[in-house]
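Have a look at the structure below, then the notes.
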């Protein structure tokens, strides 16, 4: 940076994300990409949205096009509050803040809760976008030991309590991005009891909860400790990400702070978008629509599970996810996912190396595969190519990875 | 705050804004409100937006409803870049970042340039929303002495230069909110020369520039020092605020930092909204539409100018604005705008006390009047009521204000 702009310490931390560079590499035509985190565009309810746009602009254009309340559109807040009952939560509409995607929920949480140097606890690995959202507020990330069910409850007692105490633990209980793992009921109870005992608030991020395949979702973490949990939800995976609509459910004492942060960030989420989405969902549309997404994604999950079993060389380890959008693979010793990516792209496929998802000590043997944007035959073909790339690397004498 | 959430220093700073409370008071039915900063809903191009929504969802639904680039929609970025030539700026589309309203531009600037305790210079008075946007990043506000043409150029030489040096000066050259004032060509040249000499970057906020009444806008501040200026623009005042669309034009060396901050904040501005607005503006729509807004606002400005001359008691001071949406009134000694507001609301009108717009040392004798949401007869009536409230207060023995 030249001398005009070079003074800010914050700017020095804002470096282009590695994932950005990775996705650029994988955007070549003809690539079977399992890299992106995009929902399938085939699931977007175009006709319902078109009818709703027309309805809103015919009946409430002046209100929809004017500045609006920072809290969000009242009827949509009521709809969200009622819907949370299915996850065991009792929510008042006054606790609901509509955000510009759930990514903004992460930003607002960082804006009011992260102080420079104060600890923030995250799962190992965790959602990259959350690390990016919190980073500008200069927290000190602490990685919580995690297994196939998520975070280890015993970790909470080990978190720093002296000033500056641990601000919060950021947890993704359902079909986590990137690992696809889900927390069992027993784990949820144990984690929330441990968090409460340690007095460490929880940020619960649940963008994938509606995308279950085998059994409906378990109670939200927030249901076990409502006054100590901020819940983040999203319309991106069940309707469309292009409208950028998410929501925060916050304890009453914290709501005014988040509201002020929201007003400072962008005044309010587009009123037009909120009214259109409310028009679409108000009469039970999602109860018909989401099962169609689930059926599609489940078939894709099955195709990828079968393909991986058939094509990956011995030594690769993975779980078949019970929902969501991702498989998480750990490669045999000697392989490095980042080093393999250019070879994979040359061979016609793409994935995301898992190293990007760690706050500390990245595991270079991990990678993430999305199964939702390709068709089952494409998935079979892509996974076969991945298997060949891995076997070639092993045959060419892989070096031990650190 | 209870012990669960009470650790964050940031949260302690996020207090509900005074203006929020004021606007709540003034939202009573039957009030002639001159308080809000809303554009006139009569100017929203409903039919053009409806046709564009239909066009986008008929032809490009999958792209418009999917996740999109953090930079913004390419054709809209090109359109913005070209349009800046009319303000004397030479802009590449690569310098344009589409934001969720220009309020988000302020947030992103704070996010990359404000460090805790570092000085940030603002006009006296200045846009309240900018103070709110920067505050979470804990800057040390420095108020620049300003007159009826904006900031005094001599102030730049007096700004702190030792570490932590002054991060930037935030300036509104056209029909400033709240004062309505405009910087002359000579003042622009002198200010930018002084900023450059002092090595203090400039944030130029220009939401009102298209709303000129008497003569077209002068060259942008950025045209005098492109590599030292970040320019913020908005579609809210010329099209609709309900789509939440604005933009940043940044020097190339700073663009990647702002882009990363944008991605962290909300991934991207709604792709659907960007495509719809591009569809509306791409063939010169604003060249036909904005003159209609200007003519309407100019007639309202004239009505308010006449009403104020007729109804305000001696000792009140104001300038007639050459564009924008606001008159700024300084009351006679002894009157306090905040104290008068409840009386004004009881009498059937509302304004915003000016004290909210100062970073330091608020002037309690100031108030802001919007002239764009009422009709000329309503303006005449509202200003007559204001005059009566002021005369009553003076007759009842106003106390000297500090």
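Protein chains in written order, with this note's numbering: chain A, 111 to 512; chain B, 111 to 512. Here a beta-carbon is modelled for each residue, glycine too, at the ideal position from N, C-alpha and C.
Of all the options 485/B, 218/B, 492/B and 176/B, which has the alpha carbon lying nearest to the alpha carbon of residue 340/B? 218/B
Bridge partners of residue 343/A, per DSSP? Note: residue 343/A sits in a beta bridge opposite 357/A.
If we require 3 or more residues per run, which beta strand (DSSP E) segments fall completely within the stretch 220-257 of chain B? 229-233 and 250-254
Residue 119/B touches chain A at which residues, Cβ-Cβ below 7 angstroms? 225
Residue 402/B, buried or exposed, once every other Cβ within 10 Å from all chains shown has been counted against 16: exposed
Per-residue contacts from residue 210/A into chain B (C-beta, under 7 angstroms): 210 and 376
Between the alpha carbons of residue 228/B and residue 435/A, how many angstroms are there, rounded? So the alpha carbons of these two residues sit roughly 43 angstroms apart.
Between residue 206/B and residue 359/B, how many whole angstroms is the CB-CB distance? I'm expecting something under 8 angstroms. 6 angstroms
On the DSSP bridge list, what partners appear for residue 516/B? Chain B is shown only over 111 to 512; residue 516/B falls outside these bounds and no answer can be derived.
Where residue 200/B falls, given that 16 or more other Cβ within 10 Å makes a residue buried: exposed
Measuring CB to CB, does residue 413/A end up less than 9 angstroms from residue 489/A? yes
Selection of the stretch 343-374 of chain A by Cβ proximity to chain B, strictly under 7 angstroms: Per Cβ criterion, the list reads 350, 351, 352, 353, 354, 363, 364, 366, 367, 370, 371, 373 and 374.
Pick from 275/B, 202/B, 281/B and 302/B that is closest to residue 318/B, judged by C-alpha positions: Measuring from the Cα of residue 318/B, the nearest candidate turns out to be 281/B.
Same chain only: Cβ atoms within 7 angstroms of residue 493/A, ignoring 5 sequence neighbours per side: Close CB contacts of residue 493/A within its chain, under the 7 angstroms cut and outside five residues either way in sequence, are with 414, 417, 418 and 421 (chain order).
Please confirm whether residue 111/B has its beta-carbon closer than 9 angstroms to some beta-carbon of chain A. Note on residue 111/B: pLDDT 43, under 50, position unreliable in the model; no value is reported.
At least one CB of chain A closer than 9 angstroms to the CB of residue 164/B: is that the case? For residue 164/B, at least one C-beta of chain A is nearer than 9 angstroms to its own C-beta.
For the stretch 453-461 of chain B and the stretch 209-224 of chain B, state whether three or more C-beta atom pairs, one from each stretch, are separated by less than 8 angstroms. no
Is it a yes or a no for the stretch 242-255 of chain A touching the stretch 138-158 of chain B, going by three-plus beta-carbon pairs under 8 angstroms? no
Jot down the residue ranges of each uninterrupted alpha helix (DSSP H) in the stretch 162-189 of chain B, minimum 4 residues, whole runs only, in chain order. 171-175
With 16 other Cβ atoms within 10 Å as the buried cut-off, status of residue 305/A: Buried, because 16 or more other Cβ atoms sit within 10 Å of the Cβ of residue 305/A.
Let's see if you can read the secondary structure: which residues bound the alpha helix (DSSP H) around residue 119/B? 119-123
Contacts that residue 245/A makes with chain B (C-beta to C-beta distance below 8 angstroms): 374
Could you list which residues in chain A have their beta carbon closer than 7 angstroms to that of residue 474/B, in chain order? Simply none; closest approach about 24 angstroms.
Residue-chain proximity (residue 407/B, chain A), Cβ-Cβ < 9 angstroms: no
Looking at the C-beta of residue 184/B, does it have a partner C-beta in chain A at a distance below 9 angstroms? no
Have a look at residue 355/A and residue 157/A and give me their C-alpha separation to the nearest angstrom. Each residue's alpha carbon lies about 19 angstroms from the other.
Tell me, to the nearest whole angstrom, how far the beta carbon of residue 284/A is from that of residue 327/A; I am working on the premise that it is less than 8 angstroms. 6 angstroms
Rounding to the nearest angstrom, what Cα-Cα distance links residue 276/B and residue 290/B in this structure? 26 angstroms
Beta-carbon spacing of residue 177/B, residue 352/A below 9 angstroms: yes
For residue 180/A, collect the residues of the same chain with a Cβ closer than 7 angstroms to its Cβ; drop the 5 residues on either side in sequence, then sort them by chain order. Shown here for residue 180/A: same chain residues with a beta carbon closer than 7 angstroms to its own, the five before and five after excluded, namely 369, 372, 373, 377 and 378 in chain order.
So what's residue 388/A in DSSP terms, helix, strand or just coil? helix
Quick one: grab the DSSP three-state call for residue 439/A. strand
Compile a chain-ordered list of the residues in the stretch 495-507 of chain B whose CB is closer than 7 angstroms to at least one CB of chain A. The residues in question: there are none.
Tell me the DSSP bridge mates of residue 476/B? 440/B
Considering just the uninterrupted stretch of the beta strand (DSSP E) at residue 280/A, what are its terminal residues? 279-281
Bounding residues of the alpha helix (DSSP H) (the contiguous stretch that carries residue 301/A): 295-308
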